[in-house]
Amino acid sequence: MLAIIGKTIKSNRVGLGIYIAIAASFVWMYAAFYPSIFRESEKLREAFKAYPQDMLKAFGIEVDSFISSFEGFISGEHFSMLWPIILIVLVIAYAASTLAGEIESGTIELLLAQPISRLKVFFSKYFSGLILIIVFIALSNASVFPFARLYNITIHWQNFITLSIIGFLFAFAIFGFCFMLSAVYSSKGMPATITGGLLIIMYALKIFATFQESLDKLKYASFFHYYDYKAALLNNHIDLLNVAVFLAVGIICTVVGAVVFVKRDIATT
Amino acid sequence: MTAIKVERLKKYFGTTKAVDGISFEVNEGEIVGFLGPNGAGKTTTIRCMMDFIRPTQGRIEILGLDAQKNATKLKSNIGYLSSETNLYKSWTGQEHIHFLERIKGISKFDEELIDKLKFDTRKKAGALSTGNRQKLGIILALMHQPKILILDEPTVGLDPLLQNYIYEILKAEAAKGNAVFMSSHNLAEVEKICDRVVILKEGKIVATESISDIRRKRIYTVHAYFEGEIPKKEIVTDGIELIEEFSDGLALRIKADIRPLLHKLSEYNNLKDLEVTHASLEEVFMEFYK
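Spelled out as structure tokens, the structure:
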């Protein structure tokens, strides 16, 4: 099992490094911007008044916190959309290409021909994915500390740890879902398309729910509602419901995926 | 002792009967060739043996154990080569070998194989030619000297020299008491190294024969030339197949005792020439394929 985990992580290390570098470079950019934003906060407050309030709400920007603290600023600029997108792309790219991609390319036969049970193959790939996600979240978010120091920005480090936890749970649920599909299908295109499509729908549901009060309940069908980065970054808080939803989705999908992978025919093309 | 036992194996994909109730055995120390046209069900059978896919019905035993229930345990003793030789493109040959050593233990045979096959382990699999990919696949299948070898077209893409080396290895493995089960389209190769063949057609076994029995099968090609009228109707009767008709003669195939035909032909005074040839082993195989 460790041989597969080691090899999988080694094979993905360059890609992971690129994802981390992209996320960290954005953090650097926002950290570099923030001192001037802070200095010009009053002008910016006036400028925000001209924006449609619903739009600011939909994109998670609360003007007061956006201007008054680095956590508020980076939550609106980075953790509302950009960082989750990088995380989602990483998760889907890995999960879809791991099982389904290996069946598609035929390399799964090399693994299945070895004295390792299918369950071990499944969980070796699964834990490798979780390790990649944890490393990405830890390093991309840890990059906040040196850049904040570089630009003399005061931050609440505990809040970034809390954000990393909710970010991990968000990724855990998406990863579990996509990995389950990867165990079901024999080509990586399907799990990637279905997961990506579902997340786009979920994002749209969250936006609709924000704009229209009558559609408010739709937000509960969206992972983006439970990914409450503002509560984590501004209040150092994670709602237990959010934890429960992400854990439940992640665990159920993982169990279903493992059962399907053990029972299915694996015929490479 | 029986190393591989396949009993009434069926594998259906929906309404398609890929394998339809086949039974055969491979004994220890034996090299068995698995033949059949494309789509006959060879790869499906091999995948069932490897537990990649599960039989619709039937049972496979390897080394006395149920191949499905004991798949993980059995794979310690199975060397497998797939027909596509699927490898990780970004890994070098050495990384593949090292990966398998971490799973199955250190190999004492890999250096010899690498040396004999003249394989460069530093190159990434993605940069290897078909022949070199095949070499690496063979190294990976053989390096732990398994008791059972299941090989899907093992010498595809290899030059004749290396093919001969592989034949030597397979024969040596069989001599040690190990069982070799290999599919192949190379009939000369099968004739050269296999003790027996299992011939599959449309999911069913059409023949299980030893190579010596196949050699004993008499198939003749007869060219008979006449002056004037050709007595085609009288000659082409049951058991005699007309292959070709010329202006002055006939080409015939007969799969039985040739003496009655020769006797019949001798009765024609206008018979001017006769040529009788034995069918090659390849032609005998082709009879099963048809």
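For the record, the sequence lines run as chains A and B. Our numbering puts the first sequence at residues 500 to 768. Our numbering puts the second sequence at residues 839 to 1128. Glycine is no exception: its CB is placed at the ideal position from the N, C-alpha and C atoms.
Backbone secondary structure at B:His-1061 - three-state DSSP: strand
Determine, using beta carbons only, whether A:Glu-603 comes closer than 8 Å to chain B. Under the Cβ distance rule, A:Glu-603 does not count among the residues neighbouring chain B, no pair being separated by less than 8 Å.
Starting from the beta carbon of A:Ser-616, find every residue of chain B whose beta carbon is closer than 7 Å, and list them in chain order. Thr-910
Determine the direct distance from the alpha carbon of A:Tyr-719 to that of B:Ile-898, and round the result to whole angstroms. 50 Å
Assumed close pair A:Trp-527, A:Phe-646 - CB separation to whole angstroms, cut-off 8 Å: 5 Å
Would you report the Cα separation of B:Lys-849 and B:Gly-859, rounded to the nearest angstrom? 8 Å
Apply the 10 Å Cβ neighbour rule to A:Met-679 and answer buried if 16 or more other Cβ atoms are within range, or exposed otherwise. buried
Taking Cβ-Cβ distances shorter than 9 Å, what residues in chain A pair up with B:Ser-920? Gly-605, Glu-608, Leu-609, Ala-612, Thr-767
Given B:Leu-901 as reference, the closest of B:Gln-972, B:Ile-1081, B:Val-844, B:Arg-971 once Cα atoms are compared: B:Leu-901 has its Cα closest to that of B:Val-844, out of B:Gln-972, B:Ile-1081, B:Val-844, B:Arg-971.
Helix, strand or coil for B:Gly-1041? Go by DSSP, reduced to three states. coil
Looking at C-alpha atoms only, which residue of B:Ile-1096, B:Lys-1093, B:Ile-1043 is the closest neighbour of B:Thr-883? With distances taken between Cα atoms, B:Thr-883 lies closest to B:Ile-1043.
Short CB-CB distance (under 8 Å) between A:Leu-502 and chain B: A small fix is needed here, since residue 502 of chain A is Ala in this sequence, not Leu. Yes, contact with chain B.
Enumerate in chain order the residues of its own chain whose CB-to-CB distance from B:Glu-1065 is below 7 Å, with the five nearest sequence positions on each side excluded. Asn-1108, Lys-1110
Starting from B:Ile-869, trace the beta strand (DSSP E) both ways and give me its first and last residue. 869–873
For B:Tyr-850, report the span of its beta strand (DSSP E) as first-last. 840–851
Can a CB atom of chain B be found closer than 8 Å to the CB of A:Ser-713? no
Enumerate in chain order the residues of its own chain whose CB-to-CB distance from A:Asp-553 is below 8 Å, with the five nearest sequence positions on each side excluded. Thr-709, Phe-710
Comparing alpha-carbon positions, which option in B:Ile-1092, B:Pro-984, B:Gly-1077 lies nearest B:Ala-841? When each option's Cα is compared against that of B:Ala-841, the closest is B:Pro-984.
Taking a Cβ distance cut-off of 7 Å, strictly less, list which residues of the segment 502–532 of chain A are near chain B, in chain order. Ala-502, Lys-506, Ser-510
Could you confirm whether any beta carbon from chain A is found closer than 8 Å to the beta carbon of B:Arg-846? no
Chain A beta carbons: is any one of them nearer than 8 Å to that of B:Lys-913? Output row for B:Lys-913: interface = yes.
Would the segment 1054–1069 of chain B and the segment 1022–1039 of chain B be scored as touching if the rule is three or more Cβ pairs under 8 Å? no
Could you tell me which of A:Asn-640, A:Tyr-650, A:Asn-651, A:Ala-682 sits nearest to A:Ser-663, measuring between CA atoms? Checking every option, the nearest Cα to that of A:Ser-663 belongs to A:Asn-640.
On the DSSP bridge assignment, give the partners of B:Ile-797 in chain order. Because chain B here runs from 839 to 1128, residue 797 of chain B falls outside it and cannot be looked at.
Within-8 Å CB hit, B:Leu-903 to chain A: no
At least one CB of chain A closer than 8 Å to the CB of B:Leu-925: is that the case? yes
Could you name the residues of chain A that B:Ile-1068 contacts, counting a contact when the two beta carbons are closer than 8 Å? Here the premise fails: no neighbours, minimum Cβ distance about 52 Å.
Is the number of C-beta pairs between the segment 1086–1094 of chain B and the segment 1000–1010 of chain B that are closer than 8 Å three or more? no
Starting from A:Ser-627, trace the alpha helix (DSSP H) both ways and give me its first and last residue. That run of the alpha helix (DSSP H) goes 617–641.
In three-state DSSP terms, what is B:Met-981? coil
Confirm, please, whether the CB-CB distance from A:Ser-685 to A:Ile-585 is below 8 Å. no
So, does the segment 750–763 of chain A touch the segment 731–742 of chain A, judging by three or more C-beta pairs under 8 Å? no
For A:Glu-561, which three-state DSSP category applies? coil
Given A:Ser-627, which residues of its chain have a CB within under 6 Å of its CB, disregarding the five upstream and five downstream residues? Same-chain partners within the cutoff: Ile-504, Thr-507, Ile-508.
Neighbouring residues, chain A, relative to B:Met-888 (Cβ below 9 Å): Per Cβ cutoff of 9 Å: Glu-608, Leu-611, Ala-612.
Cβ atoms of B:Val-1122 and B:Ile-1057: under 8 Å apart, would you say? yes
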